[in-house]
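Heads up: the sequence shown runs through residues 69 to 263, numbered per the working numbering.
Backbone N, C-alpha and C fix where the C-beta goes; we use that ideal spot for every residue, glycine too.
The block underneath contains the structure these notes are about, expressed in structure tokens.
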Amino acid sequence: MLNNAVKPVIGITAWSGTGKTTLLQSLIPLFRQHGVRVAVIKHSHHKFDVDKPGKDSYNIRKAGAAQTIVASGKRMALMIDYEEELQEPSLNDVLAWLRQDQIDLILVEGFKHDPSFEKIELWREAVGKSLSHPDDSSIIAVASDSAAVETENLPLLDLNSAPQICDFIMQRLNLHSARCRGADTCCHFDPREKS
């Protein structure tokens, strides 16, 4: 259970190379057009650094600061460096760091094996991997570039249609568009119909 989720959470899950980040990059502007403020949580199994060598904040961290905040009127970044590698944080732990009063929707890339939130599974035949659905009950829809994929009773979305996926998410999570002037929805996609 995601005790730290105040706002709706939906995940995008898939094998590497399927296009999770590409889809998120297409979805975010669509949600913004609807007046929906989005936060994205991206899980990584790899070591990463968001800082740049040679920058003051990088040098301060390399000097041994355990936590460094870089703040301006436009953005803020908190970097925490642990002396030793810790257990991977859970999605619920990461949610506690978000300023949820400033967002309407949380999109998650990763945390594939966490059953505590709903996910849309992306599937491309060219990737050559099997579907996680139906073995994963947290999957609520499949988005694919193939109309021949078997989704059983789940909606089949067009992986190449970010507007259709955006509409599905807005309907599923009962998000209302600020652009629609009080209408229940701007969406024209019926999630009960398979494409």
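Rounded C-alpha distance that separates residue i from residue j
i	j	result
Glu218	Glu193	12 Å
Ser200	Ile128	43 Å
Gly103	Ser245	6 Å
Asp258	Ile171	Low per-residue confidence applies at Asp258: pLDDT is 43, beneath 50, and the placement is therefore not dependable enough to give any value.
Asn71	Asn221	29 Å
Coil, strand or helix - residue i by DSSP
i	result
Lys110	strand
Glu193	helix
Pro76	coil
Lys203	Note on residue identity: the sequence assigns Asp, not Lys, to residue 203. It is coil, neither helix nor strand.
Thr86	coil
Cβ-based burial, residue i [other Cβ within 10 Å; buried from 16]
i	result
Lys88	buried
Asp169	exposed
Trp191	buried
Ser212	buried
Segment limits, beta strand (DSSP E) that includes residue i
i	result
Met69	Here Met69 belongs to no beta strand (DSSP E), and DSSP marks it neither H nor E.
Val176	Leu173 to Glu177
Given residue i as reference, the closest of the options once Cα atoms are compared
i	options	result
Val28	Met69, Pro121, Gly85 and Phe99	Here the chain has residues from 69 to 263 only, and residue 28 is not among them.
Asp182	Asp203, Ser198, Ser94 and Ala131	Asp203
Val74	Phe99, Ala107, Pro97 and Leu95	Ala107
Unbroken alpha helix (DSSP H) run spanning residue i, endpoints
i	result
Ala216	Looking at the DSSP string, Ala216 is not in any alpha helix (DSSP H), and its letter there is neither H nor E.
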